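Below: one structure, written as structure tokens.
Residue numbers (the working numbering), protein chains in the order written: chain Y, 8 to 205; chain P, 243 to 775.
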């Protein structure tokens, strides 16, 4: 299937966790079910991982879709005795590499060593980051209708920020600043809740 | 300080924001990398910020279009995951797989599993010791909760639905009140008790949907969404949730069973104390009688009146420099407080007060049928030893054991000059009431019909009331006090629920600071009523 490039590199000890059983014909339904469980449980984390390396929403969506496809294509190469996330992150990372190379999207690529550190940090603090997502639920509820509209417009639109700004009769810079304020507000809210919870 | 290991929080967030917007130039990217390289704290902040950005991306891609958006800017109606044709076979395969998978659960980046429905009051706060929301506002009994998310930040509340369903919710909790028979518990702990009229009441969590069959059971949801359920009485049907929101056939949990729903459902040992099943009593320890205030007044003063006041509930004619004020502890001090004045002349004792009360003058207790419990519906009780000769502190007690060194005084213990004056407004009778109980043991009591006047008046904003009473000394078995006399005295204010039956809290004031703990029926712990010249 096009685009389903096998992983070139995976992180940590994941390399040894790929079971090479291409000749296996009979599908192990129990294993398949377990994989489905893991996939569903971790898809949000995979999406967040991709966005952290490719912050453009449209690109991230495409990469997420492609990564999921690859995961399902080579699901039987996953060794259930190993952690799922490092394996899935490795596949996502490869998809990102291919994508950047093909589309010439170098401008938001961090260097490999920083990406490796961030990936390691994400895996180590996975639970903490998931907890922040829970806190974010409440914080999102606190956005005003106006702020929600702006988020929907800017994040949900395929149009450029300039087109959004023109539509609203504002400068692109003011839209960027408004979005930054919203993100900062949410960030502060989450941090405050984390502090209270601790 | 080594820059590498400092947080550089503002700069980092500014760079992260530009990174989200793809407006970071080369030097900005290099600076961001400098801040991230080898600095776990900064890495975590950066990842948190980017995860927030990811969440907004996800929310936008899966939400409905905004109503006033131009058509070319409208969001996709279906999630992007289904757009690409190449994805369809895998998506179908996934759907089939999850249909086969019993215990898989929806882990959202998506925020609201079920949106609030109508903007109607669906439940009432019956009892509360807590605060809600980020601003930590006080939760007060009588609050009507509309559909939507109720976030209890501190404390514990008891909620009631019109069907009679009762729920005790422990903080920190996030409860989505969806309708009159359905809630979604995001996080927190609750115990619900469902009467026959409430059968079918549904509690959902991220992991499980619980349909009540007339029972009492507890549910707790952790931050990860893991759900524990314990059934105390009756039975409840549990349906787990699947990835596409459909439910699979559930299992029935019975009294004495407890399960954890996180991954495969796991049976837990039944632990009776796992949840709080009863709202904590007003008096956790009957020997200490903890009130919702800290008493600060030892003595109040009765002013001698040249002209008797008009007993009409209007306090404007009272210009008493000896008025006293008391309030419940923070955060209840704004809502539950009292300001009072006492006057006297040769014929009567006069009592006037303003009581802040969110459920004013609601008392529905039948004082004749339940004379021991008239106070629970909202009342003020002034207790006095109506004779200077009784002395202060007053050695009268119904306690079986007295403190070491104190000798019981049988005469004072049985004195009918020890009088408890219960004052309240009967909502049913639409009239002020006066209950007199005599002796420290209250063995004799009467609902007074003569020898007194009383009037109540509701505050215009409905958040309190004023009252005035004029009481003949005969009713107190007393002679007119003389200037300088001291009567032992203490005061209790009781607040009720809106139904006027259940005591929700009380304030005790005018106490002897040397006699702790305060005991209502040990007059040695009472304060003083001093008669001014």
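We treat Cβ as the ideally placed atom computed from N, Cα and C, and that holds for glycine.
Just so it is clear, the structure is predicted and the values come from calculations on it, not from any experiment.
- In terms of beta-carbon proximity, residue 391 of chain P lines the interface with chain Y, with at least one pair separated by less than 8 Å.
- Per the Cβ contact rule, the stretch 494-501 of chain P is not in contact with the stretch 436-446 of chain P (fewer than 3 Cβ pairs under 8 Å).
- For residue 513 of chain P, no alpha helix (DSSP H) encloses it, and the DSSP letter there is neither H nor E.
- Judged by DSSP secondary structure, residue 472 of chain P falls within the beta strand (DSSP E) whose first and last residues are 469-475.
- Non-local beta-carbon contacts of residue 177 of chain Y in its own chain, meaning distances under 7 Å to residues more than five positions away in sequence, are absent.
- In this chain, the beta strand (DSSP E) harbouring residue 459 of chain P covers 458-463.
- Judged by DSSP in its simplified three-state form, residue 429 of chain P adopts strand.
- Look at residue 300 of chain P: its C-beta is under 8 Å from a C-beta on chain Y.
- In the DSSP annotation of this structure, the continuous segment of the alpha helix (DSSP H) that includes residue 92 of chain Y starts and ends at 91-110.
- In this structure, residue 54 of chain Y lies away from residue 42 of chain Y, with their beta-carbon atoms at least 8 Å apart.
- Contacts between residue 289 of chain P and chain Y, judged by CB atoms closer than 7 Å, involve 59, 125, 128, 129 and 136 in chain order.
- Residue 279 of chain P reaches chain Y at 120, 121 and 124, counting residues in chain order whose Cβ is nearer than 8 Å.
- The beta carbon of residue 295 of chain P sits closer than 8 Å to some beta carbon of chain Y.
- Note on the stretch 636-715 of chain P: whole beta strand (DSSP E) runs with a minimum of 3 residues are 660-668, 673-680, 686-689, 694-700 and 706-714, in chain order.
- In this model, residue 577 of chain P and residue 562 of chain P are separated by some 23 Å (Cα to Cα).
- In this chain, residue 604 of chain P is not harboured by any alpha helix (DSSP H), its DSSP state being neither H nor E.
- Taking the Cα positions, residue 708 of chain P is about 56 Å away from residue 299 of chain P.
- Interface flag for residue 431 of chain P against chain Y is unset, since no Cβ pair is found closer than 8 Å.
- Taking C-beta separations shorter than 6 Å and ignoring five residues to either side along the sequence, the partners of residue 452 of chain P in its chain run 445, 478 and 480, following chain order.
- Judged by DSSP secondary structure, residue 770 of chain P falls within the beta strand (DSSP E) whose first and last residues are 769-773.
- Interface with chain Y (8 Å Cβ-Cβ cutoff): residue 401 of chain P is excluded.
- Residue state for residue 564 of chain P is assigned as coil, using DSSP reduced to three classes.
- For residue 619 of chain P and residue 605 of chain P, the gap between their C-alpha atoms comes out near 4 Å.
- Residue 398 of chain P is positioned such that its CB atom lies closer than 8 Å to that of residue 411 of chain P.
- Residue 463 of chain P is positioned such that its CB atom lies closer than 8 Å to that of residue 427 of chain P.
- Secondary structure of residue 589 of chain P (DSSP, three-state): coil.
- Close CB contacts of residue 169 of chain Y within its chain, under the 8 Å cut and outside five residues either way in sequence, are with 179 (chain order).
- Every alpha helix (DSSP H) stretch that sits fully inside the stretch 113-195 of chain Y and reaches 4 residues is listed by chain position as 119-131, 133-148, 152-163 and 168-175.
- Under the 8 Å Cβ criterion, the stretch 687-695 of chain P does not count as touching the stretch 535-552 of chain P, having fewer than three qualifying pairs.
- Residue contact check for residue 642 of chain P against chain Y: no CB pair falls below 8 Å.
- Contact check between the stretch 271-288 of chain P and the stretch 125-141 of chain Y: three or more CB pairs, one atom from each, fall below 8 Å, which counts as touching.
- Per DSSP, reduced to three states, the secondary structure at residue 83 of chain Y is helical.
- Interface annotation, residue 253 of chain P: not in contact with chain Y, CB-CB separation never under 8 Å.
- Residue 297 of chain P and residue 673 of chain P have their C-alpha atoms spaced approximately 60 Å apart.
- Per DSSP, residue 455 of chain P has no beta bridge partner at all.
- By the C-beta density criterion, residue 294 of chain P is buried, having at least 16 other C-beta atoms within 10 angstroms.
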